[in-house]
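Undergrad:
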Amino acid sequence: MFALMQSTRLESLHLSVDPVTGLKAVIAIHNSRLGPALGGCRYLAYPNDESAVEDAVRLAQGMSYKAALAGLAQGGGVAVIVRPVHVENRAALFEAFGRCIEQLEGRYITAIDSGTSVADMDCIAQQTLHVTSTTSAGDPAPHAAMGVFTGIRSTAMARLGSDNLEGLRVAIQGLGNVGYALAEQLHAAGAELLVSDIDHGKVQLAMEQLGAHPIANDALLSTPCDILAPCGLGGVLNSHTVSQLRCSAVAGSANNQLTHLDVADQLERRGILYAPDYVINAGGLIYVSLKHRGEELSTITAHLSKISSRLTEVFAHAQAEKRSPARVADELAEKVLYR
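First residue of the sequence shown: 246, per my numbering; consecutive thereafter.
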């Protein structure tokens with residue numbers, strides 16, 4: 246555990262249990278140099294406790310890098326709640342987690358993420374003020390999707406020479422809140438959608454409402470398309486899956502898309518442009534950060550528009566230096582965090 250903390254330069258790790266509700270939670274605070282750590286709360290089943298800790302640590306690192314390149318006065322942190330096999334009282338479990346956050350005295354601010362809902366955030370808010378994505382704050386998913394959409398346009402410009410998405414084939418892996426909102430925006434822009442999700446109901450909805458073409462989950466990555474948009478859980482790009490890709494670029498909302506940084510070099514060698522995940526998917530963090538600070542929607546929207554220019558900057562550096570955009574983005578973020 247300490248080796249993982251040292252290799253990722255993690256600031257602190259907090260483990261909490263509550264036998265009454267069945268809560269088993271991990272809060273990873275990666276870096277608070279720029280401000281209080283802010284990041285989502287996941288509620289998922291894990292094969293073992295070590296996997297939950299590793300997920301929290303790596304996601305927290307990504308949140309630090311995301312906040313740094315988004316120009317936010319926030320650090321990076323993430324919470325993971327190990328989903329019990331049986332939950333008698335979900336509201337009580339999340340209230341117990343809220344008490345854990347309160348004990349950190351503002352060092353970590355939580356938000357919605359995979360497996361959690363606005364209702365869960367409302368339960369947390371019964372015990373602490375250090376939470377966003379509540380009913381009053383609003384769902385960040387549409388804003389996250391907006392940021393990814395503008396990032397896809399920048400990626401198309403850099404790789405294909407035009408930011409006009411009409412007629413482009415975009416393969417979306419994962420139709421959760423962000424993935425589906427992104428699909429709606431891409432459809433409105435005239436893109437042809439190829440979609441997959443483990444929830445067949447969401448695929449059916451995309452077919453009916455957006456004219457999307459359904460693709461089997463195990464076939465999407467190898468399906469010919471212009472842009473692949475991973476919008477589910479992370480770790481989808483490894484040495485094996487990258488060798489199967491038949492796209493010009495990868496640009497999606499999922500966190501930690503690469504299993505290892507070497508995979509980014511493999512994408513570069515194949516001529517596939519990679520939009521670093523924590524740059525293109527910063528919209529959700531931007532929304533919850535600025536909303537928590539009381540900013541107006543116009544200010545938030547203006548900040549979201551900067552995702553495009555930041556991504557263009559990363560692509561320009563990468564092209565000039567003949568390196569992967571992922572390595573360039575890491576270096577830019579680390580200059581902010583550790584200067």
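Note that the Cβ used here is the ideal one computed from N, Cα and C, for glycine as well.
Everything numeric in this text was worked out from a predicted model, so none of it was measured.
Alpha carbon to alpha carbon, what distance is there between T361 and V581?
TA: In the sequence shown, residue 581 corresponds to position 336, counting from 1. In the sequence shown, residue 361 corresponds to position 116, counting from 1. Taking the straight line joining both Cα atoms gives about 31 Å.
Undergrad: Whose C-beta lies closer than 7 Å to the C-beta of A332 among residues of the same chain, with five residues either side of it excluded?
TA: For the purposes of this step, residue 332 is taken as residue 87 along the sequence shown, with counting starting at 1. The displayed chain sequence assigns Val, not Ala, to residue 332. Sequence-distant partners of V332 (beyond 5 residues in either direction) whose C-beta falls short of 7 Å from its own C-beta, in its chain, are G267 and L338.
Undergrad: Can you give, in chain order, each stretch of the beta strand (DSSP E) that sits fully within the region 246-270 and has at least 3 residues?
TA: 257-263
Undergrad: Which same chain residues end up closer than 8 Å to I545 when comparing Cβ atoms and leaving out the 5 residues on each side of it in sequence?
TA: What you label residue 545 is simply residue 300 of the sequence shown in a count that begins at 1. Cβ within range, chain order: H388, I531, Y532, L535 and K536.
Undergrad: Under a three-way DSSP split, which group does C476 fall into?
TA: Position 231 of the sequence shown, counting from 1, holds the residue named residue 476. Reduced to three states, the DSSP call for C476 is coil.
Undergrad: Three-state secondary structure (DSSP) at Y425?
TA: Locating residue 425 in the sequence shown gives position 180, counting from the first residue. Here Y425 sits in helix by DSSP.
Undergrad: For the beta strand (DSSP E) containing G285, name the first residue and the last one.
TA: Translated into the one-based positions of the sequence shown, residue 285 becomes position 40. A282 to L289 is the extent of the beta strand (DSSP E) around G285.
Undergrad: Bridge partners for V495 per DSSP, in chain order?
TA: Here residue 495 is taken as the residue at index 250 of the sequence shown, counted from 1. Looking at the DSSP assignment, V495 forms a beta bridge with L473 and Y519.
Undergrad: Under the rule that 16 or more other beta-carbon atoms within 10 Å means buried, what is T400, buried or exposed?
TA: Locating residue 400 in the sequence shown gives position 155, counting from the first residue. Residue environment for T400: buried (at least 16 other C-beta atoms within 10 angstroms of its C-beta).
Undergrad: Given a threshold of 16 other Cβ atoms within 10 Å of its Cβ, counted over all protein chains shown, does F342 qualify as buried or as exposed?
TA: Working through the sequence shown from its first residue, we reach residue 342 at position 97. F342 is buried by the Cβ-count criterion.
Undergrad: Along the chain, where does the alpha helix (DSSP H) that runs through G392 open and close?
TA: Here residue 392 refers to the residue found at position 147 of the sequence shown. That run of the alpha helix (DSSP H) goes A386 to L405.
Undergrad: Which same chain residues, not among the five before or five after A386, have their C-beta less than 6 Å away from its C-beta?
TA: As a first step, residue 386 must be located in the sequence shown, where it is residue number 141. These residues qualify, in order along the chain: N422, V423 and A426.
Undergrad: Distance, Cα to Cα, L611 vs A315?
TA: Lying before the first or after the last residue shown, residue 611 is absent from the chain, which here runs from 246 to 584.
Undergrad: Report back the beta-carbon spacing between T355 and A318 to the nearest angstrom; my notes put them in contact at under 8 Å.
TA: Translated into the one-based positions of the sequence shown, residue 355 becomes position 110. Translated into the one-based positions of the sequence shown, residue 318 becomes position 73. 17 Å between Cβ atoms; not a contact.
Undergrad: What are the complete beta strand (DSSP E) segments, minimum 3 residues, inside the region 300-342?
TA: The region 300-342 contains these whole beta strand (DSSP E) runs: 320-327.
Undergrad: Quick one: what does DSSP say I460 is sitting in, helix, strand or coil?
TA: To locate residue 460, count along the sequence shown from 1; it is residue 215. Three-state DSSP puts I460 in coil, outside helix and strand.
Undergrad: Checking 8 Å against the spacing of the C-beta atoms, do L249 and V302 come in under that value?
TA: Counting from one through the sequence shown, the residue named residue 249 turns up at place 4. Counting from one through the sequence shown, the residue named residue 302 turns up at place 57. Result yes, Cβ atoms of L249 and V302 sit closer than 8 Å.
Undergrad: Around the Cβ of I397, are there at least 16 other Cβ atoms within 10 angstroms (buried) or fewer (exposed)?
TA: In the sequence shown, counting from the first residue as 1, residue 397 sits at position 152. Under this definition I397 is a buried residue.
Undergrad: What first and last residue would you give for the alpha helix (DSSP H) that runs through R278?
TA: Counting from 1 along the sequence shown, the entry for residue 278 is found at position 33. Counting along the chain, R278 falls outside any alpha helix (DSSP H), and DSSP gives it neither H nor E.
Undergrad: Should L465 and Q418 be called a contact, given that it needs their Cβ atoms to be closer than 8 Å?
TA: For this step, residue 465 is matched to residue 220 along the sequence shown. For this step, residue 418 is matched to residue 173 along the sequence shown. Contact check for L465 against Q418 passes: the beta carbons are separated by less than 8 Å.
Undergrad: Could you please give the first and the last residue of the uninterrupted beta strand (DSSP E) stretch that includes R568?
TA: Position 323 of the sequence shown, counting from 1, holds the residue named residue 568. First-last for R568: undefined, no H or E at that position.
Undergrad: From this set, Q371, G392 and A364, which residue's C-alpha is nearest G383's C-alpha?
TA: Taking the first residue of the sequence shown as position 1, residue 383 is located at position 138. When each option's Cα is compared against that of G383, the closest is A364.
Undergrad: Consult DSSP for V508 and reduce its assignment to one of helix, strand or coil.
TA: As a working note, residue 508 is residue 263 in the sequence shown. Correct three-state label for V508: helix.
Undergrad: Of the choices G446, S441, G479 and M452, whose alpha-carbon is the least far from that of S467?
TA: Within the sequence shown, numbered from 1, the residue matching residue 467 stands at position 222. Nearest of G446, S441, G479 and M452 to S467, Cα basis: S441.
Undergrad: Are L477 and T504 touching if we call contact CB-CB under 8 Å?
TA: In the sequence shown, residue 477 corresponds to position 232, counting from 1. In the sequence shown, residue 504 corresponds to position 259, counting from 1. Rather than Leu, the amino acid found at residue 477 in this sequence is Gly. Their beta carbons are not under 8 Å apart, which means G477 does not touch T504 by this criterion.
Undergrad: Tell me the rounded alpha-carbon separation between M391 and F560.
TA: For the purposes of this step, residue 391 is identified with residue 146 of the sequence shown, where counting begins at 1. For the purposes of this step, residue 560 is identified with residue 315 of the sequence shown, where counting begins at 1. When rounded, the distance between both Cα atoms is 20 Å.
Undergrad: For the beta strand (DSSP E) that Q418 lies in, which residues bound it at each end?
TA: Reading the sequence shown from its first residue, position 173 is the one you call residue 418. Bounds of the beta strand (DSSP E) holding Q418 are R414 to Q418.
Undergrad: Would you call the CB atoms of D471 and R414 closer than 8 Å?
TA: Position 226 of the sequence shown, counting from 1, holds the residue named residue 471. Position 169 of the sequence shown, counting from 1, holds the residue named residue 414. Yes, the Cβ-Cβ distance between D471 and R414 is below 8 Å.
Undergrad: What is the DSSP secondary structure of I357, reduced to helix, strand or coil?
TA: Along the sequence shown, read from residue 1 onward, the residue named residue 357 stands at position 112. Strand, per DSSP.
Undergrad: Can you give the Cα-Cα distance for S257 and S407, rounded to whole angstroms?
TA: Position 12 of the sequence shown holds residue 257. Position 162 of the sequence shown holds residue 407. If you take the alpha carbons of S257 and S407, they lie about 44 Å apart.
Undergrad: Could you tell me the alpha carbon to alpha carbon distance between P521 and S554, rounded to whole angstroms?
TA: Start at 1 with the first residue of the sequence shown, and residue 521 comes out as number 276. Start at 1 with the first residue of the sequence shown, and residue 554 comes out as number 309. P521 and S554: Cα-Cα distance of roughly 13 Å.
Undergrad: Given this structure, state the Cα-to-Cα distance separating G351 from Y288, to the nearest angstrom.
TA: Here the question's residue 351 lines up with position 106 in the sequence shown. Here the question's residue 288 lines up with position 43 in the sequence shown. In a straight line, the C-alpha of G351 is about 21 Å away from that of Y288.
Undergrad: Keeping to the same chain, check which residues put their C-beta closer than 7 Å to that of H548; ignore five residues upstream and five downstream.
TA: In the sequence shown, counting from the first residue as 1, residue 548 sits at position 303. Result list for H548: I531 and L535, in chain order.
Undergrad: Go ahead and pull the three-state DSSP assignment for S484.
TA: The residue you call residue 484 lines up with position 239 of the sequence shown. In the structure shown, S484 sits in a helix (DSSP, three-state: H, G or I).
Undergrad: Would you say G528 and I552 are within 8 Å of each other, going by their C-beta atoms?
TA: Reading the sequence shown from its first residue, position 283 is the one you call residue 528. Reading the sequence shown from its first residue, position 307 is the one you call residue 552. With respect to I552, G528 sits close: the two C-beta atoms are nearer than 8 Å.
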